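*Asks:* Residue numbers (our numbering), protein chains in the order written: chain A, 1 to 518; chain B, 1 to 173.
I'd like to ask you about the structure that follows.
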Amino acid sequence: MSAFDFSQQVNYYEVLGVSRNATPEEIRAAYREAVRRWHPDLNPAPEAHEYFLLVRQAYEVLSNPKKRQAYDRTLEQSSETSEMGGTAPVERVRAPQVRVRVSYSLIPPLEEPQLWYAFLIIRAPWAPPRQPRPLNLWLLIDRSSSMRNGGKLALVKEMVAEVVRLLRPTDRLGMIAFDDRPAVLLQPTPVHKRAIFLHALSQVRPQGGTEIARALSVVESVGGRSRGPHLVWIFTDGRTYGDEARALHLARQWARQGVICDAFGLGEDWNEAFLDRLTGLTGGSTHFISGLSMVKTLFPDLIRRYHHARVRQLNFTFDLSPGVKLRALYRMGPEVAHLGVEPPVALGVVGPQERWLALAEFELPPLYRLEDGARWTVLDGTLEFLPFRGRPYTEPLRLEVHVGQGPRSVPPKVVRHAVERLTWYRLQLASRAAWRDGRLHEAQQYLSHLAQSLNRRGLGRMARRVQQQALDLERFQRLEPEAEKDLEFGTRMLMLPADVYEARQRGQRGSATRSPSK
Amino acid sequence: MLKCPYCGHQEWVGALFCQQCGYPLWEEVARAEAQRPSPVNGKPAAASRRRKTAISRVTLRLPDGHTVTLQGSGPWLVGRPTATHQPDLDAQALGARHVSRQHARLEWRRGGLYIVDLGSTNGTWVNGRRLTPHEPKRLHDGDWVRWADLEAQVLFDAPHTQTPSPSQEDLAS
Numbered sequence: 001m002s003a004f005d006f007s008q009q010v011n012y013y014e015v016l017g018v019s020r021n022a023t024p025e026e027i028r029a030a031y032r033e034a035v036r037r038w039h040p041d042l043n044p045a046p047e048a049h050e051y052f053l054l055v056r057q058a059y060e061v062l063s064n065p066k067k068r069q070a071y072d073r074t075l076e077q078s079s080e081t082s083e084m085g086g087t088a089p090v091e092r093v094r095a096p097q098v099r100v101r102v103s104y105s106l107i108p109p110l111e112e113p114q115l116w117y118a119f120l121i122i123r124a125p126w127a128p129p130r131q132p133r134p135l136n137l138w139l140l141i142d143r144s145s146s147m148r149n150g151g152k153l154a155l156v157k158e159m160v161a162e163v164v165r166l167l168r169p170t171d172r173l174g175m176i177a178f179d180d181r182p183a184v185l186l187q188p189t190p191v192h193k194r195a196i197f198l199h200a201l202s203q204v205r206p207q208g209g210t211e212i213a214r215a216l217s218v219v220e221s222v223g224g225r226s227r228g229p230h231l232v233w234i235f236t237d238g239r240t241y242g243d244e245a246r247a248l249h250l251a252r253q254w255a256r257q258g259v260i261c262d263a264f265g266l267g268e269d270w271n272e273a274f275l276d277r278l279t280g281l282t283g284g285s286t287h288f289i290s291g292l293s294m295v296k297t298l299f300p301d302l303i304r305r306y307h308h309a310r311v312r313q314l315n316f317t318f319d320l321s322p323g324v325k326l327r328a329l330y331r332m333g334p335e336v337a338h339l340g341v342e343p344p345v346a347l348g349v350v351g352p353q354e355r356w357l358a359l360a361e362f363e364l365p366p367l368y369r370l371e372d373g374a375r376w377t378v379l380d381g382t383l384e385f386l387p388f389r390g391r392p393y394t395e396p397l398r399l400e401v402h403v404g405q406g407p408r409s410v411p412p413k414v415v416r417h418a419v420e421r422l423t424w425y426r427l428q429l430a431s432r433a434a435w436r437d438g439r440l441h442e443a444q445q446y447l448s449h450l451a452q453s454l455n456r457r458g459l460g461r462m463a464r465r466v467q468q469q470a471l472d473l474e475r476f477q478r479l480e481p482e483a484e485k486d487l488e489f490g491t492r493m494l495m496l497p498a499d500v501y502e503a504r505q506r507g508q509r510g511s512a513t514r515s516p517s518k
Numbered sequence: 001m002l003k004c005p006y007c008g009h010q011e012w013v014g015a016l017f018c019q020q021c022g023y024p025l026w027e028e029v030a031r032a033e034a035q036r037p038s039p040v041n042g043k044p045a046a047a048s049r050r051r052k053t054a055i056s057r058v059t060l061r062l063p064d065g066h067t068v069t070l071q072g073s074g075p076w077l078v079g080r081p082t083a084t085h086q087p088d089l090d091a092q093a094l095g096a097r098h099v100s101r102q103h104a105r106l107e108w109r110r111g112g113l114y115i116v117d118l119g120s121t122n123g124t125w126v127n128g129r130r131l132t133p134h135e136p137k138r139l140h141d142g143d144w145v146r147w148a149d150l151e152a153q154v155l156f157d158a159p160h161t162q163t164p165s166p167s168q169e170d171l172a173s
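This is the structure in structure tokens:
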């Protein structure tokens with residue numbers, strides 16, 4: 001972790017992570033967030049206390065207009081004497097960026113392998129941009145013949161209209177319609193002429209099958225030198241056939257060029273596992289669109305995040321110690337994604353007030369040969385923050401345990417919370433897998449265990465839905481595709497931070513009542 | 001390996017939740033830790049802090065007057081044994097024939113004893129009222145519980161019961 005250098009002249013704006021022309025409200029919000037991060041009662045890091053005092057000091061000056069003015073004058077004077085390095089495009093927040101909470105910091109030296117969890121909380125090293133960044137967004141619209149059913153094409157048109165509404169005049173939007181063959185509806189065009197997009201969209205007629213890789217290859221040339229994020233959004237309702245490997249290959253290339261791909265599935269037939277992998281490789285995420293009001297809560301979040309992205313991409317590279325296996329890596333904020341376990345892993349971008357949250361599940365080898373009290377490295381890695389301008393910023397990340405006999409501590413709450421949600425997600429996966437294998441009773445058991453666990457945590461609404469699906473499974477001996485999507489994305493959303501989950505829930509509930517029935 | 005006290009599933013050491021039933025295994029580990037003698041004074045490490053949530057012994061009195069004492073501190077699974085898994089209260093051994101494999105669970109929670117029906121086929125009744133599956137219900141000393149065709153009176157010292165338990169009135173009416 002980067003140490004904070006106290007001997008250096010501190011800049012109060014950087015301490016709070018706000019810009020020089022921040023409003024009093026922004027300063028207050030930044031102060032509140034900083035207090036939450038650095039209060040010694042909440043943050044066990046040794047430097048937390050000192051930094052906390054600094055935060056208070058900074059707020060005392062910046063929250064008082066007179067003191068702030070005087071302070072600004074001293075800054076201007078000192079900047080004249082010191083070398084400013086051109087225009088000083090980004091403001092670094094020189095504070096530790098990474099916090100790690102682990103399930104157990106003391107590991108008993110056993111002759112058998114063990115599970116071990118680490119929860120990462122990562123903050124971008126730069127303040128958010130003052131102006132929204134210009135976006136370059138390609139929409140890939142599935143026009144295969146199945147889109148005709150259930151008003152899906154109408155919903156897609158509404159989704160595009162919503163995207164156009166949320167974009168700013170300086171953003172550029174391109175559109176491609178695809179079935180077995182892709183067709184460029186519109187080359188990337190500045191968004192100030194909104195009518196063009198809706199006109200181009202009106203020419204989409206459903207036909208043919210779904211072949212994603214071909215459509216992706218058309219956008220291959222997207223990564224440019226423009227200052228803003230490059231995005232590809234896929235709207236689809238189907239499964240792609242036989243071209244998965246090619247599509248994933250393209251996604252890997254995009255990840256290297258800094259392109260982020262998100263997918264939005266409609267209806268119940270699309271292939272979430274494949275789209276998950278595809279988007280996960282680029283640091284993007286996959287969403288289930290149940291109706292228009294879901295779109296209205298989700299899209300503003302996403303667009304806002306990309307407009308105010310602090311970095312172009314966050315890459316995580318690492319080496320594991322011999323015998324260690326990274327079983328799974330999930331991003332749990334700002335969007336949920338099942339990430340790959342092969343480095344480098346792209347973690348995507350975060351918005352102004354957001355942090356990256358990720359849960360890693362490790363298998364540790366038998367450690368009985370180690371001495372009592374030995375320190376043992378599980379993972380040695382680097383976080384690489386890629387800015388929109390300037391040099392990347394890297395931060396070492398090493399995960400270690402102490403080996404020894406001793407009382408087992410209680411795992412920290414954030415770790416318990418994250419692992420519990422992952423367990424729920426896996427229970428529904430196990431149920432669906434059992435159902436597919438014809439092990440009906442087992443599938444049902446998994447679901448009723450899931451319902452119980454949800455109930456225990458006061459998630460009654462979700463628990464009743466799961467219980468209902470367990471009953472349906474018993475009665476009709478089958479799990480409907482829409483029930484599977486509901487389980488998959490219902491449990492997936494639970495992995496989000498609580499406030500985001502609440503907001504999304506409201507959005508989805510709205511759509512359940514308003515969207516046209518299938 | 002760790003064994004899930006609820007469903008019997010085997011998990012790796014370090015697992016926080018059972019992958020088969022979602023049971024919080026870390027709680028079990030923490031509880032065992034609290035009962036382990038401290039190297040300093042030989043007393044359980046967290047005995048003094050745990051005092052508040054003291055739990056008492058739970059006894060079931062069957063209609064024929066026999067009593068069964070539940071071992072340990074729970075949670076206890078009521079059900080029929082399967083090839084792989086033995087419930088804490090074996091209903092079959094007590095002569096019941098319509099109890100589900102995983103019928104109900106008894107557990108201490110926040111100083112009270114609770115019962116949860118686990119979606120059983122033939123239902124669980126407390127003082128003649130059928131429970132909604134998966135909704136925990138607090139028990140009072142002396143309540144009559146029926147799991148399908150197995151009936152018993154639940155007896156325990158309730159250190160924190162405030163008013164005379166309403167269940168007694170229920171019984172009288």
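From the three backbone atoms N, C-alpha and C, an ideal C-beta is built for every residue, glycine too.
In this text, all values refer to a predicted model and were calculated from it rather than measured experimentally.
Looking at the structure shown, is residue 147 (chain B) part of a helix, part of a strand, or coil, going by DSSP?
*Replies:* The answer is strand: DSSP assigns residue 147 (chain B) an E or B state.
*Asks:* Taking the alpha-carbon positions, what's the residue 269 (chain A) to residue 481 (chain A) distance?
*Replies:* Looking at the two C-alpha atoms, the distance is approximately 7 angstroms.
*Asks:* Just by C-beta distance, which residues in the segment 11-24 of chain B are closer than 9 angstroms to chain A?
*Replies:* Hits within the stretch, in order: 11, 12, 13, 14, 15, 16, 17, 18, 19, 20, 21, 22, 23, 24.
*Asks:* When you compare only the Cα positions, how much space is there between residue 122 (chain B) and residue 149 (chain B)?
*Replies:* Residue 122 (chain B) and residue 149 (chain B): Cα-Cα distance of roughly 8 angstroms.
*Asks:* Between which two residues does the beta strand (DSSP E) harbouring residue 398 (chain A) extend?
*Replies:* That run of the beta strand (DSSP E) goes 393-403.
*Asks:* So, does the CB of residue 116 (chain A) fall closer than 8 angstroms to a CB anywhere in chain B?
*Replies:* With 8 angstroms as the cut-off, residue 116 (chain A) counts as an interface residue toward chain B.
*Asks:* Can you give the Cα-Cα distance for residue 505 (chain A) and residue 355 (chain A), rounded to whole angstroms?
*Replies:* If I take the Cα positions, the gap works out to 21 angstroms.
*Asks:* What is the C-beta distance between residue 344 (chain A) and residue 110 (chain A), in whole angstroms, given that I count them as a contact (C-beta under 8 angstroms)?
*Replies:* The pair is not a contact, with the Cβ atoms about 32 angstroms apart (cut-off 8 angstroms).
*Asks:* Residues of the segment 413-440 of chain A with a CB closer than 9 angstroms to any CB of chain B: list them in chain order, please.
*Replies:* The residues in question are 415, 416, 419, 420, 422, 423, 424, 426, 427, 430.
*Asks:* On the DSSP letters alone, give me the boundaries of the alpha helix (DSSP H) that residue 441 (chain A) sits inside.
*Replies:* Its alpha helix (DSSP H) spans residues 440-456.
*Asks:* Please report whether the beta-carbon of residue 123 (chain B) lies at a distance below 8 angstroms from any beta-carbon of chain A.
*Replies:* Not one chain A Cβ lies under 8 angstroms of residue 123 (chain B).
*Asks:* Thinking C-alpha only, which one of A:500, A:418, A:498 is nearest residue 120 (chain A)?
*Replies:* If we check each option's Cα against that of residue 120 (chain A), A:418 comes out closest.
*Asks:* In the DSSP assignment, find the unbroken beta strand (DSSP E) run with residue 350 (chain A) in it and report its ends.
*Replies:* From DSSP, residue 350 (chain A) is part of no beta strand (DSSP E); its letter is neither H nor E.
*Asks:* Roughly how many angstroms separate the alpha carbons of residue 26 (chain A) and residue 63 (chain A), rounded to a whole number?
*Replies:* Cα to Cα, residue 26 (chain A) sits roughly 10 angstroms from residue 63 (chain A).
*Asks:* Is it a yes or a no for the segment 135-154 of chain A touching the segment 94-108 of chain A, going by three-plus beta-carbon pairs under 8 angstroms?
*Replies:* Taking 8 angstroms as the limit for Cβ pairs, the verdict is that the segment 94-108 of chain A does not touch the segment 135-154 of chain A.
*Asks:* Sort A:404, A:236, A:475 by Cα distance to residue 155 (chain A) and report the nearest one.
*Replies:* The residue with the shortest Cα to Cα distance from residue 155 (chain A) is A:236.
*Asks:* Return the first residue and the last residue of the beta strand (DSSP E) that residue 254 (chain A) is part of.
*Replies:* Residue 254 (chain A) -> not in any beta strand (DSSP E); alpha helix (DSSP H) instead, spanning 244-257.
*Asks:* DSSP three-state label for residue 15 (chain B), please.
*Replies:* Reduced to three states, the DSSP call for residue 15 (chain B) is coil.
*Asks:* Looking at the unbroken beta strand (DSSP E) that takes in residue 329 (chain A), where does it start and where does it end?
*Replies:* That run of the beta strand (DSSP E) goes 325-333.
*Asks:* For residue 131 (chain B), name the three-state secondary structure that DSSP assigns.
*Replies:* Reduced to three states, the DSSP call for residue 131 (chain B) is coil.
*Asks:* When we look at the beta-carbon of residue 202 (chain A) and count the other beta-carbons within 10 Å, is it buried (16 or more) or exposed?
*Replies:* Under this definition residue 202 (chain A) is an exposed residue.
*Asks:* Out of A:285, A:496, A:394, which one is the CA nearest neighbour of residue 333 (chain A)?
*Replies:* The option with the nearest alpha carbon to residue 333 (chain A) is A:496.
*Asks:* Strictly below 7 angstroms CB to CB, what residues from chain E border residue 104 (chain A)?
*Replies:* Given the protein chain composition of this structure (A and B), no chain E is represented.
*Asks:* My output table needs one value for residue 117 (chain B): the three-state DSSP class, helix, strand or coil.
*Replies:* In the structure shown, residue 117 (chain B) sits in a strand (DSSP, three-state: E or B).
*Asks:* Output yes if chain B places a C-beta closer than 8 angstroms to the C-beta of residue 452 (chain A); else output no.
*Replies:* It does; some Cβ of chain B falls within 8 angstroms.
*Asks:* Using a beta-carbon distance cut-off of less than 8 angstroms, what residues from the segment 459-474 of chain A approach chain B?
*Replies:* Those would be 463, 467, 470, in chain order.
*Asks:* Which whole runs of the alpha helix (DSSP H) in the segment 15-45 of chain A are 4 residues long or more, in chain order?
*Replies:* Those alpha helix (DSSP H) runs which fall completely within the segment 15-45 of chain A and span 4+ residues are 24-38.
*Asks:* Am I right that residue 377 (chain A) and residue 321 (chain A) are in contact with their C-beta atoms under 8 angstroms? What's the rounded C-beta distance?
*Replies:* About 5 angstroms separates the two Cβ atoms, so the contact holds.
*Asks:* Are the segment 113-130 of chain A and the segment 11-28 of chain A in contact at 8 angstroms, needing three or more beta carbon pairs?
*Replies:* They touch, by the three-pair rule.
*Asks:* For chain A, check one thing: does any of its Cβ atoms lie closer than 8 angstroms to the Cβ of residue 85 (chain B)?
*Replies:* Chain A contact via Cβ: absent.
*Asks:* Excluding the 5 residues preceding and the 5 following residue 262 (chain A) in the sequence, name in chain order all residues of the same chain whose CB lies nearer than 8 angstroms to its CB.
*Replies:* Excluding sequence neighbours, residue 262 (chain A) sits near 231, 232, 233, 234, 279, 284, 285, 286, 287, 302.
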